[in-house]
Amino acid sequence: MAIQIPRGTQDILPSQVGTWELIENKAKEICHKYQYKEIRTPIFEHTELFHKSGETTDIVQKEMYSFKDRGDRDLTLRPEGTPAVVRSYVENKMYGDPNQPVKLFYNGPMFRYERPQAGRYRQFVQFGVEALGSQDPAIDAEVISLAMEVYQSLGLKHLKLVINSLGDKESRIAHREALIKHFKPRIHEFCADCQNRLEKNPLRILDCKKDRDHELMKSAPPIFEFFNEESKQYFDQVLAYLDALGIAYEVDPTLVRGLDYYNHTAFEIMSNAEGFGAITTLCGGGRYNGLVQEMGGPETPGMGFALSIERLIAALDAEGITLQTEAKVDCYVVALGDEAKIPAMVLLQQLRKAGYSADKDYLDRKMKAQLKAADRMKAKFVAILGEDEIKMNKVVVKNMENGEQVELSISNFISEFERLGR
Ligand code: ATP
Ligand code: MG
Numbered sequence: 068m069a070i071q072i073p074r075g076t077q078d079i080l081p082s083q084v085g086t087w088e089l090i091e092n093k094a095k096e097i098c099h100k101y102q103y104k105e106i107r108t109p110i111f112e113h114t115e116l117f118h119k120s121g122e123t124t125d126i127v128q129k130e131m132y133s134f135k136d137r138g139d140r141d142l143t144l145r146p147e148g149t150p151a152v153v154r155s156y157v158e159n160k161m162y163g164d165p166n167q168p169v170k171l172f173y174n175g176p177m178f179r180y181e182r183p184q185a186g187r188y189r190q191f192v193q194f195g196v197e198a199l200g201s202q203d204p205a206i207d208a209e210v211i212s213l214a215m216e217v218y219q220s221l222g223l224k225h226l227k228l229v230i231n232s233l234g235d236k237e238s239r240i241a242h243r244e245a246l247i248k249h250f251k252p253r254i255h256e257f258c259a260d261c262q263n264r265l266e267k268n269p270l271r272i273l274d275c276k277k278d279r280d281h282e283l284m285k286s287a288p289p290i291f292e293f294f295n296e297e298s299k300q301y302f303d304q305v306l307a308y309l310d311a312l313g314i315a316y317e318v319d320p321t322l323v324r325g326l327d328y329y330n331h332t333a334f335e336i337m338s339n340a341e342g343f344g345a346i347t348t349l350c351g352g353g354r355y356n357g358l359v360q361e362m363g364g365p366e367t368p369g370m371g372f373a374l375s376i377e378r379l380i381a382a383l384d385a386e387g388i389t390l391q392t393e394a395k396v397d398c399y400v401v402a403l404g405d406e407a408k409i410p411a412m413v414l415l416q417q418l419r420k421a422g423y424s425a426d427k428d429y430l431d432r433k434m435k436a437q438l439k440a441a442d443r444m445k446a447k448f449v450a451i452l453g454e455d456e457i458k459m460n461k462v463v464v465k466n467m468e469n470g471e472q473v474e475l476s477i478s479n480f481i482s483e484f485e486r487l488g489r
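Throughout, our numbering is defined as the position within the sequence shown, counted from one, plus 67.
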């Protein structure tokens with residue numbers, strides 16, 4: 068039997084690549100407008116890097132593709148972008164760059180050993196941004212607005228921005244104590260993961276997918292009750308910026324992001340398009356003021372998000388949006404008879420060098436079949452080159468849209484073709 072694609076992965080076929088290109092280019096274009104610069108980090112990193120950034124998360128505990136290389140090093144295919152970006156930020160001393168904050172974006176494959184289902188792959192592409200070095204709530208608003216613009220620029224309308232704050236360190240410690248007190252007496256009713264989380268990171272219990280309907284979840288003390296003045300103010304300012312920018316949101320006090328290093332702002336963008344399916348989160352992000360220091364750098368605030376192109380495409384599908392990506396053919400060269408073969412190839416090369424997209428027959432087909440091929444490719448013009456035409460230094464060019472035909476000279480082909488208009 069022929070070998071099949073690994074579970075949880077997909078081929079992006081030529082007919083789909085145009086959509087991907089368009090989305091990725093749009094995202095890059097928006098990053099340029101917002102002055103975020105691209106960074107490309109390796110696909111694999113030292114396993115330790117991911118342990119440092121998220122010891123108690125599902126990603127680190129269950130989903131990593133880790134392996135030993137031939138030199139006995141522990142390596143992992145990156146499951147997310149942020150740890151590597153922060154590693155590189157520290158390693159390359161970007162905190163010393165005169166341009167601050169450092170605003171970065173990335174786009175590339177991530178790997179997680181997950182149970183594959185719609186919208187959940189083992190290899191998927193994440194586009195994300197990180198703004199490092201600013202504690203200004205305006206940066207939180209900028210990052211959120213950038214994410215929203217990516218979706219909106221592609222025509223998506225059924226979007227919901229959900230936002231919360233996890234407060235600063237002090238607020239989180241107070242909340243942590245309250246959560247332990249809340250869950251401890253009945254922790255045996257929860258899954259093994261949650262029992263594990265109780266002492267290590269009780270906030271993560273609120274993010275559990277198995278126990279989400281347990282009554283203690285709803286009655287758990289919300290973080291905002293533990294906000295100190297600074298945390299409260301910070302959150303209010305972020306919301307004030309969003310209001311001023313006309314970005315609608317919903318505050319959800321139960322929203323906690325899966326990663327350990329978040330504080331203050333946490334947000335998700337979901338699709339509420341009908342028929343989108345069970346997994347509706349398109350994008351997740353937030354503020355991570357402790358991570359750079361954790362990675363051995365100076366104390367540096369950070370704010371970012373990640374979204375997957377796969378779920379973005381699923382959202383486009385759910386809203387019935389198809390992006391125009393048809394690659395047009397400007398001219399298809401039809402050659403008739405052996406004498407025409409070389410001149411046809413020369414015309415083709417001239418067209419391409421002049422910037423046109425052009426093609427010809429390579430299967431020795433009859434004229435009718437060649438014209439049919441041109442039609443299938445939606446060629447705008449067809450250039451017909453027969454033995455008689457060659458003798459007279461002529462080429463017949465037909466406009467496939469209106470059927471009009473003209474004779475151009477072979478020796479002056481490009482400049483005459485140019486006049487027909489692209
Ligand atoms: P989920 O709760 O759906 O597992 P997550 O919290 O693991 O999401 P993040 O690590 O925050 O997700 O990643 C950010 C975004 O990347 C998600 O909002 C989602 O759009 C996308 N994403 C995450 N995992 C996958 C996957 N396995 N396949 C495709 N897209 C994914
Ligand atoms: Mg996940």
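No residue lacks a Cβ here, since even glycine has one placed at the ideal position from N, Cα and C.
Computed from a prediction, not measured in an experiment: that's the story for all the values here.
- If you compare the alpha carbons of Pro410, Asp274, Val464 and Lys427 with that of Lys458, the shortest gap goes to Pro410.
- With a cutoff of 9 Å on beta-carbon distance, Glu335 and Leu358 are scored as not near each other.
- Under DSSP, Thr143 forms a beta bridge with Glu112 and Ser133.
- In the structure shown, Ser201 adopts coil according to DSSP, grouped into three states.
- In the DSSP assignment, Val401 falls within the beta strand (DSSP E) that extends over Val396 to Ala402.
- Assignment of Cys275 by DSSP, reduced to helix, strand and coil, places it in the coil class.
- Secondary structure at Gln77: coil, using DSSP grouped into helix, strand and coil.
- Under DSSP, Phe191 takes part in a beta bridge, and its partners are Met177.
- By the Cβ neighbour-count rule, Lys447 is buried, with 16 or more other Cβ atoms within 10 Å of its own.
- In the three-state reduction of the DSSP assignment, Ser424 falls in the coil class, being assigned neither a helical nor a strand state.
- Remark: C-beta atoms of Glu393 and Gly85 approach each other more closely than 9 Å.
- The residue from Phe484, Glu122, Ala241 and Gln77 with its alpha-carbon nearest to that of Ile290 is Ala241.
- Remark: fewer than three beta-carbon pairs, one from each stretch, lie closer than 8 Å, so the region 187-200 and the region 299-318 are not flagged as touching.
- Phe334: member of the beta strand (DSSP E) spanning Asn330 to Ser338, first to last residue.
- In the DSSP secondary-structure assignment, Gly352 is bridged to Phe334 and Phe372.
- 9 Å or more divides the Cβ of Ala382 from the Cβ of Gly352.
- Not one heavy atom of the ligand ATP is found less than 8 Å from the C-beta of Tyr329.
- Assignment of Gln102 by DSSP, reduced to helix, strand and coil, places it in the coil class.
- His99 and Ile90 have their alpha carbons spaced roughly 14 Å apart.
- Ala340 is positioned such that its CB atom lies closer than 9 Å to that of His225.
- Here the distance from the Cβ of Ile481 to the nearest heavy atom of the ligand MG is not below 8 Å.
- Gln167 and Thr367 have their C-alpha atoms some 11 Å from each other.
- Contact between Met177 and Phe194 does not hold, since the beta-carbon distance rounds to 10 Å and is not under 8 Å.
- Taking non-hydrogen atoms of the ligand ATP into account, the C-beta of Gln128 is found less than 8 Å away from none of them.
- Asn92 and Leu273 have their C-alpha atoms some 36 Å from each other.
- With contact defined as three or more Cβ pairs closer than 8 Å, the region 312-320 and the region 149-164 are not in contact.
- Inclusion of Arg179 in the 8 Å shell around the ligand MG follows from its C-beta lying nearer than that to a non-hydrogen atom of the ligand.
- Contact annotation: the region 388-404 touches the region 434-453, with at least three C-beta pairs closer than 8 Å.
- Of the candidates Glu296, Lys408 and Ala345, Ala345 places its Cα closest to the Cα of Ala385.
- With 16 or more other Cβ atoms from the protein chains shown falling within 10 Å of its own Cβ, Pro150 counts as buried.
- Here His331 is buried: its Cβ has 16 or more other Cβ atoms, across all protein chains shown, within 10 Å.
- Take the alpha-carbon of Ile126 and the one of Gly163: they are about 31 Å apart.
- Taking C-beta separations shorter than 7 Å and ignoring five residues to either side along the sequence, the partners of Pro204 in its chain run Tyr301, Gln304, Val305 and Tyr308, following chain order.
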